[in-house]
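Numbering (the working numbering), first residue to last: 1 to 354.
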């Protein structure tokens, strides 16, 4: 699918509201062309990643919840039967059973913003040209979750496989549901933990493992008719993402632009393949109160000039460009979040006017 957004604006995902209608009002006001469903972490722990994206693992008993502790207990007597139940459902989806895909849906009690978004879209899509979804990424989740001995799930091949397959089918389900409105779906994998690659404490994490997991999820999104992106709001080895099966790479261009410079060569290849950069040029800190669309557009132009001086074509930067906040806004004050979304819309408008 050709995707040339020419500076259109969208968001990362989370917003600091508990009422989905408040969140939808903000999206309609500032991001009507590529709205995203609003994640609402302020509603409580059910809106966090375990219940939103991994509920099939909870439902089958593979992921155990004991108070605030959530872990995999591979020593449980019923572990083999629970694995069989999970993989039977997974293989049914692979065989094309759409009813089985619903087993990987976002639970209504854990994603109020998603279902409010769908209900609103049923009344009409307005000026929207794309619809955006998002989910937490495999590294971020697999380093947060542990096994019964406290070892990160990422280092257990079986647990990592469970997480990646669950995320892939959740992403496919999102793309399928959003695609029912006749517009292309764009699904971002939000994975700041990619930054562990190359750190001495994580020497067993290889670029091949990261690319394999992200590409597996991306292929599921593509198979469901959607566009796949990855967002990371940290300095990472960007060549890993540029070499993965992605349509969009989203990054914090306000604080971490310089981390892109060493990877200009793979960036050129990525852009030649039609890849899009989502420029998180609007800071998601109090710095947003000191900026306006002119200052942020000037910053963006200076960043582009650095890439152009290294051989990147301006036409590719301009045509294959999204404008976004640097990160999610779910933990901010509502007034600051609105300021960030207002700036995102204003920078996008000013850029497209040029």
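Backbone N, C-alpha and C fix where the C-beta goes; we use that ideal spot for every residue, glycine too.
Asked, Found
"Unbroken beta strand (DSSP E) run spanning residue 71, endpoints", "69-72"
"Limits of the unbroken beta strand (DSSP E) element including residue 232", "227-232"
"At least 3 beta-carbon pairs within less than 8 angstroms: the region 189-205 vs the region 131-144", "yes"
"Local conformation of residue 34 per DSSP, three classes", "coil"
"Enclosing beta strand (DSSP E) for residue 294 [first to last residue]", "Looking at the DSSP string, residue 294 is not in any beta strand (DSSP E); the run it does join, the alpha helix (DSSP H), is 293-308."
"Cα-Cα separation, residue 53 to residue 214", "15 angstroms"
"CA-to-CA distance, residue 321 to residue 11, given in whole angstroms", "13 angstroms"
"DSSP-derived helix/strand/coil call for residue 275", "coil"
"Helix, strand or coil at residue 134 [DSSP, three-state]", "strand"
"Residue 205: CB within 7 angstroms of a non-hydrogen atom of the ligand MG", "The ligand MG is absent from the structure shown, which contains no ligand whatsoever."
"Cross-strand partners of residue 9 (DSSP beta bridge)", "323"
"N-terminal and C-terminal residue of the beta strand (DSSP E) that residue 185 is part of", "185-190"
"Endpoints, the beta strand (DSSP E) within which residue 167 is located", "Here residue 167 belongs to no beta strand (DSSP E); instead the alpha helix (DSSP H) covers 157-179."
"CB-CB length for residue 116 against residue 46, believed under 8 angstroms", "With 8 angstroms as the limit, residue 116 and residue 46 do not qualify as a contact, their Cβ atoms being about 15 angstroms apart."
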